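For the sequence shown, position 186 (counting from the first letter as 1) is numbered 186 according to UniProt numbering, and the numbering increases by one without interruption. For every residue, glycine included, the Cβ atom is placed at its ideal position computed from N, Cα and C. These figures come from a predicted structure and were not determined experimentally.
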Amino acid sequence: MKWKDKLKDFYKKRKEYIKKYLNENIDFTDVFDPFLDNKTDNPIMIIGEAPGENEVKQKSPFVGKAGENLNYLISLSGLNRKKHFLITNAFPFRTINENKNRTPKISELKIASKLLEGEINIVKPSLILLLGNSSIKAFSYLVPEVKNLKKCGFYDVDTEKFGKIKIGICYHPSPLAFNRKEIRESLEKFFKSLYQLTMENGQKKIMK
């Protein structure tokens with residue numbers, strides 16, 4: 001079975017996995033990258049926080065204002081969102097409080113990290129981008145070393161679970177964060193360096 005088919009099957013099972021542990025204050029609408037069939041092999045994986053109201057309505061990650069900011073940042077990289085990036089979240093479903101978005105709890109991120117591990121093992125990304133604190137926290141349950149890495153930078157990490165992997169860490173492009181000049185400029189610099197980084201690491205195939 002090809003990795004894209006495996007991933008589609010995997011996404012179908014996430015809901016039942018989370019419901020074994022968590023049932024309250026979660027919207028279980030499925031949200032996942034709608035351009036899966038367009039992806040190159042070993043795409044760059046972007047891990048955000050959790051779906052919000054707009055993402056649930058469109059059943060697609062990063063489609064609200066943060067999604068507009070992400071599209072702008074991806075345009076700076078010279079890469080293509082539909083083709084070169086697999087976009088996912090630290091927690092796969094919308095977490096809510098009185099029908100308003102809320103940040104996933106630490107306990108929720110810890111449970112969801114096992115799903116993240118399975119997703120990474122299927123996708124085998126050429127590069128993993130952790131955007132924001134929730135993403136970093138969830139990933140730290142799999143690779144503890146990331147807690148000691150600074151924003152915004154790229155790192156080669158030798159991990160127990162995934163072997164040698166390349167990780168990028170930066171801020172989440174939420175409207176609140178993106179309106180801060182220093183954060184916006186850090187994100188812009190981070191994404192501008194992506195094209196050169198992929199070429200320097202012999203990953204020219206990602207451009208096909």
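Less than 8 Å divides the Cβ of Leu76 from the Cβ of Lys192. A direct Cα-Cα distance of roughly 8 Å separates Lys114 from Leu142. Excluding its 5 nearest sequence neighbours in each direction, Pro104 has C-beta neighbours in its own chain below 6 Å: Ala50, Phe91, Thr95 and Ser134, listed in chain order.
Per DSSP, the unbroken beta strand (DSSP E) holding Asn89 starts and ends at Phe85 to Asn89. Counting only residues of its own chain and dropping the five nearest sequence neighbours on each side, His84 has a CB closer than 7 Å to the CB of Thr40, Pro43, Ile44 and Ile206.
When secondary structure is reduced to three states using DSSP, Asp41 falls in the coil class, being assigned neither helix nor strand. Under DSSP, the beta-bridge partners assigned to Gly48 are Asn89. With at least 16 other beta carbons inside 10 angstroms of its own, Gly132 counts as buried. Assignment of Asp9 by DSSP, reduced to helix, strand and coil, places it in the helix class. Buried is the label assigned to Gly52, since at least 16 other Cβ atoms lie within 10 Å of its Cβ. About 6 Å separates the beta carbons of Phe93 and Asp27, which is inside the 8 Å limit, making them a contact pair.
Where Lys110 is concerned, the enclosing alpha helix (DSSP H) starts and stops at Ile106 to Val123. If you draw a 10 Å sphere on the C-beta of Glu185, you find fewer than 16 other C-beta atoms in it, and that means exposed. Tyr17 and Asn89 have their alpha carbons spaced roughly 16 Å apart.
A straight line joining the alpha-carbon of Ile74 with that of Asn99 spans about 30 Å. Only residues of its own chain outside the window of five on either side were considered, and among them Trp3, Leu7, Asn42, Pro43, Met45 and Leu86 have a CB closer than 8 Å to the CB of Val123, listed in chain order.
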